[in-house]
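Quick mapping for you: the protein sequence lines, in order, are chains L and X.
In terms of the working numbering, the numbers along the first sequence are unbroken and rise by one, the last being 280.
In terms of the working numbering, the numbers along the second sequence are unbroken and rise by one, the last being 282.
Don't be surprised by glycine CBs; every beta carbon is placed ideally from N, CA and C.
Just so you know, these numbers come straight off a predicted model, no measurement behind them.
What follows is a set of notes on a single structure, which appears directly below.
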Amino acid sequence: MRLIDTAPVRAKRGSRIPLALLLPALLGLVFLVLPLAGLLIRAPWSAMPSELSSPAVWDALRLSLICATSATGVSLVLGVPLAWLLARTEFPGRRVIRALVTLPLVLPPVVGGVALLLALGRNGIVGRWLDSAFGITLPFTTTGVVIAEAFVAMPFLVISVEGALRAADPRYEEAAATLGASRLTAFRRVTLPMIAPGVGAGAVLAWARALGEFGATITFAGNFPGKTQTMPLAVYLAMETDPDTAIALSLVLLAVSIAVLVGLRDRWMSTP
Amino acid sequence: MTTTRSRTAAATFAVLALAVGLTACSSSKSTTPAASGASGSAAASASAPKATGTITVFAAASLTGTFNDLGKKFEAANPGTTVKFNYGGSSALAQSIVSGAPADVFAAASPATMKTVTDAKDTATDPKVFVRNTLEIAVPKGNPKNLTSLQALAAPSVKVALCATQVPCGSAAQTALTAAGVKLTPVTLEQDVKSALTKVELGEVDASVVYQTDVQAAGGKVDGVNFPEAAKAINDYPIAEVAKAPNAAGAAAFIAFVESTEGMQVLTAAGFQAP
Numbered sequence: 009m010r011l012i013d014t015a016p017v018r019a020k021r022g023s024r025i026p027l028a029l030l031l032p033a034l035l036g037l038v039f040l041v042l043p044l045a046g047l048l049i050r051a052p053w054s055a056m057p058s059e060l061s062s063p064a065v066w067d068a069l070r071l072s073l074i075c076a077t078s079a080t081g082v083s084l085v086l087g088v089p090l091a092w093l094l095a096r097t098e099f100p101g102r103r104v105i106r107a108l109v110t111l112p113l114v115l116p117p118v119v120g121g122v123a124l125l126l127a128l129g130r131n132g133i134v135g136r137w138l139d140s141a142f143g144i145t146l147p148f149t150t151t152g153v154v155i156a157e158a159f160v161a162m163p164f165l166v167i168s169v170e171g172a173l174r175a176a177d178p179r180y181e182e183a184a185a186t187l188g189a190s191r192l193t194a195f196r197r198v199t200l201p202m203i204a205p206g207v208g209a210g211a212v213l214a215w216a217r218a219l220g221e222f223g224a225t226i227t228f229a230g231n232f233p234g235k236t237q238t239m240p241l242a243v244y245l246a247m248e249t250d251p252d253t254a255i256a257l258s259l260v261l262l263a264v265s266i267a268v269l270v271g272l273r274d275r276w277m278s279t280p
Numbered sequence: 008m009t010t011t012r013s014r015t016a017a018a019t020f021a022v023l024a025l026a027v028g029l030t031a032c033s034s035s036k037s038t039t040p041a042a043s044g045a046s047g048s049a050a051a052s053a054s055a056p057k058a059t060g061t062i063t064v065f066a067a068a069s070l071t072g073t074f075n076d077l078g079k080k081f082e083a084a085n086p087g088t089t090v091k092f093n094y095g096g097s098s099a100l101a102q103s104i105v106s107g108a109p110a111d112v113f114a115a116a117s118p119a120t121m122k123t124v125t126d127a128k129d130t131a132t133d134p135k136v137f138v139r140n141t142l143e144i145a146v147p148k149g150n151p152k153n154l155t156s157l158q159a160l161a162a163p164s165v166k167v168a169l170c171a172t173q174v175p176c177g178s179a180a181q182t183a184l185t186a187a188g189v190k191l192t193p194v195t196l197e198q199d200v201k202s203a204l205t206k207v208e209l210g211e212v213d214a215s216v217v218y219q220t221d222v223q224a225a226g227g228k229v230d231g232v233n234f235p236e237a238a239k240a241i242n243d244y245p246i247a248e249v250a251k252a253p254n255a256a257g258a259a260a261f262i263a264f265v266e267s268t269e270g271m272q273v274l275t276a277a278g279f280q281a282p
């Protein structure tokens with residue numbers, strides 16, 4: 009069989025691929041690929057130029073890219089130090105803090121949106137004060153979208169960077185310290201370059217998660233074209249009345265996702 | 008080695024978390040999971056529908072309170088029946104019925120959203136208007152910004168949540184605003200009337216244009232302000248049996264109950280008007 013020919017190293021261990029593994033594996037593959045095929049087959053190709061020429065599509069895409077990138081930026085600035093704190097220091101309650109940091113990973117995003125509203129909304133515990141002291145209200149603004157996306161995406165970066173830090177040999181930092189470097193200098197000049205691939209991978213994960221964010225965004229930031237309506241929201245609302253537009257928008261997001269994967273194929277996503 | 012193990016653990020966790028995170032972004036508002044186990048006896052004769060089993064009703068979000076009430080009364084009058092509701096924006100419900108969602112009854116907040124379903128030949132009976140509903144401005148309790156007209160909502164300092172124009176409350180609000188000659192930019196376009204109202208309840212916006220019945224159902228948590236242009240944007244609510252209804256007899260019985268004197272009493276008490 010061709011499958012075996014192309015994988016001689018793996019085939020050496022047993023004479024053939026067991027059916028009990030091959031069948032579910034193929035089913036799994038079909039399961040993952042079939043919906044995408046559906047999207048491509050049902051796409052209104054002839055109407056695509058007119059669907060995509062609407063400025064509303066590009067408004068939503070531009071907003072999505074800006075917000076996802078900003079959310080990744082926020083995650084990097086706050087998340088990398090947080091990961092360092094979790095990986096390199098000992099303090100009471102560190103395990104609890106770590107659990108709290110990863111909670112948004114498993115929390116349904118829409119719950120995150122409700123929580124953000126109660127904390128940072130105009131009547132929220134912090135938002136009330138922001139409003140009265142500075143006149144800042146975050147819900148229904150583009151900043152609100154960035155906050156919602158960063159809330160959901162940052163844990164991905166923290167986990168990824170923390171893993172890289174734990175895998176990196178601390179003796180290099182200790183060596184830097186014996187040579188007179190402060191902890192901050194050692195972090196900047198020794199640790200950060202060492203864990204750069206981990207930071208990169210975490211940033212990509214966070215960016216992808218932010219780009220697809222729906223629940224927290226629509227709950228906290230609402231939905232208004234050009235301001236808070238990102239691509240996933242546009243797809244969802246288009247699906248209610250105009251499935252063809254929804255499919256066209258979905259294809260644009262699919263193209264962006266593929267472009268990201270292709271762009272990264274040799275850096276972080278390849279398997280050994 | 009400890010480092011290797013924790014690295015593997017972290018990587019595994021990250022992958023798992025990614026899977027969980029990506030799937031958990033649905034925003035469905037079903038109060039029950041789409042009931043697929045409907046066990047109606049379609050064999051019952053059409054002349055005297057005897058309702059049994061589970062009846063699944065897809066209804067406009069603005070019907071939430073009244074239909075919950077009607078469901079309980081119907082179950083009490085027809086032992087052995089269970090009525091399950093799926094509330095949401097009428098356009099989203101219509102789209103899901105056209106896509107094959109297992110509904111028995113569809114009650115929409117506008118003829119336009121019902122038309123999505125009838126155009127796809129997905130209704131078994133001709134839609135019948137059973138109630139009408141009028142718009143009102145909803146403001147936080149005590150009307151802190153003293154908003155008394157549609158014109159007042161257009162002020163830049165006033166934050167307004169409207170329904171998206173796809174859903175009936177949004178298109179009705181647009182009709183009223185056009186009639187009043189008011190051009191306003193809302194801060195958000197919500198996907199159904201209840202989420203627009205919630206933004207007022209939470210105090211996140213200063214006003215919203217919703218139905219009178221929603222203000223009444225909020226039970227004093229918000230105040231309602233009438234405006235004259237509402238008369239030009241009255242919504243008709245049609246109801247129909249779905250063509251592929253898993254429980255056709257149950258659907259007919261539930262629709263008959265909604266249109267009965269007892270059903271209309273519940274609806275008019277909540278602020279709906281008889282057609």
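{"Query": "Three-state class that DSSP yields for Leu169(X) in the structure shown", "Result": "strand"}
{"Query": "Where the beta strand (DSSP E) containing Pro233(L) begins and where it ends", "Result": "Element bounds for Pro233(L): n/a, residue is neither H nor E."}
{"Query": "Boundaries of the alpha helix (DSSP H) in which Glu266(X) is found, first to last residue", "Result": "Ala255 to Glu266"}
{"Query": "Proximal residues of chain X, C-beta to C-beta of Glu248(L) below 7 Å", "Result": "Gly96, Ser98, Ala99, Gln102 and Gln173"}
{"Query": "C-beta neighbour in chain X for Thr236(L), strict 8 Å", "Result": "yes"}
{"Query": "Thr39(X), DSSP secondary structure in three states", "Result": "Caution is warranted here: a pLDDT of 42 is assigned to Thr39(X), below 50, making its placement in the model unreliable, and no coordinate value can be reported."}
{"Query": "The segment 68-81 of chain L touching the segment 176-188 of chain L, judged by at least three CB pairs closer than 8 Å", "Result": "no"}
{"Query": "Closer than 8 Å to chain L by CB, Leu209(X)", "Result": "yes"}
{"Query": "Contact set between the segment 141-161 of chain X and chain L, restricted to residues whose Cβ is under 9 Å from the partner", "Result": "none"}
{"Query": "For Ser78(L) and Leu146(L), the rounded distance between their alpha carbons", "Result": "15 Å"}
{"Query": "Contacts of Pro147(L) in chain X (Cβ-Cβ under 7 Å)", "Result": "Glu211"}
{"Query": "Short CB-CB distance (under 8 Å) between Phe159(L) and chain B", "Result": "In the displayed structure, chain B is absent; the protein chains listed are L and X."}
{"Query": "Ile49(L), buried or exposed, once every other Cβ within 10 Å from all chains shown has been counted against 16", "Result": "exposed"}
{"Query": "Contact under 8 Å by Cβ, Ala209(L) with Ser168(L)", "Result": "yes"}
{"Query": "7 Å Cβ cut-off: residues of chain L touching Val2(X)", "Result": "Because chain X spans 8 through 282 in this model, residue 2(X) falls outside it and cannot be assessed."}
{"Query": "As assigned by DSSP and simplified to three states, the class of Ile105(L)", "Result": "helix"}
{"Query": "Neighbour list for Asp130(L) in chain X, Cβ cutoff strictly below 9 Å", "Result": "For the record, residue 130(L) in the displayed sequence is Arg; it is not Asp. Correct list: Lys166, Leu209, Gly210, Glu211 and Val212."}
{"Query": "Bounding residues of the alpha helix (DSSP H) (the contiguous stretch that carries Val122(L))", "Result": "Pro117 to Leu128"}
{"Query": "Proximity test, Ala225(X) beta-carbon vs the ligand MN heavy atom, cut-off 7 Å", "Result": "Within the structure as shown, the ligand MN is missing, as the structure has no ligands at all."}
{"Query": "Distance CB(Ala254(L))-CB(Ala76(L)) smaller than 8 Å", "Result": "no"}
{"Query": "Reduced DSSP secondary structure (H/G/I, E/B, other) of Ala247(X)", "Result": "strand"}
{"Query": "Met247(L) to Thr199(L) span [Cα, whole Å]", "Result": "47 Å"}
{"Query": "Alpha helix (DSSP H) segments (min. 4 residues) lying fully within the segment 86-152 of chain X", "Result": "97-105 and 118-126"}
{"Query": "Rounded straight-line distance, which links the Cα of Lys122(X) to that of Phe288(X)", "Result": "Chain X is shown from 8 up to 282; residue 288(X) falls before or after that span and cannot be answered."}
{"Query": "Min CB distance Glu82(X) to chain L below 8 Å", "Result": "no"}
{"Query": "Beta-carbon spacing of Ala127(X), Tyr94(X) below 8 Å", "Result": "no"}
{"Query": "Which residues DSSP lists as bridging Thr193(L), in chain order", "Result": "Bridge partners of Thr193(L): none, in fact."}
{"Query": "Coarse secondary structure for Asp230(X), derived from DSSP in three states", "Result": "strand"}
{"Query": "Unbroken alpha helix (DSSP H) run spanning Val160(L), endpoints", "Result": "Thr150 to Ala175"}
{"Query": "Residues near Lys235(L) by beta carbon distance below 8 Å, same chain, minus five either side", "Result": "Leu71, Phe148, Thr149 and Thr150"}
{"Query": "Between the CA atoms of Val216(X) and Ala203(X) - distance to the nearest angstrom", "Result": "8 Å"}
{"Query": "Exposure label - Ser54(L); buried when at least 16 CB within 10 Å", "Result": "exposed"}
{"Query": "DSSP three-state assignment for Thr195(X), whether helix, strand or coil", "Result": "strand"}
{"Query": "For Glu197(X) and Ala290(X), believed in contact at Cβ under 8 Å, the rounded distance", "Result": "Residue 290(X) falls outside the range modelled here, since chain X spans only 8 to 282, and no answer is possible."}
{"Query": "Alpha-carbon to alpha-carbon, Ala33(L) and Pro26(L)", "Result": "11 Å"}
{"Query": "Beta-carbon neighbours of Leu245(L), restricted to chain X and to distances below 7 Å", "Result": "Ala171, Gln173 and Gln198"}
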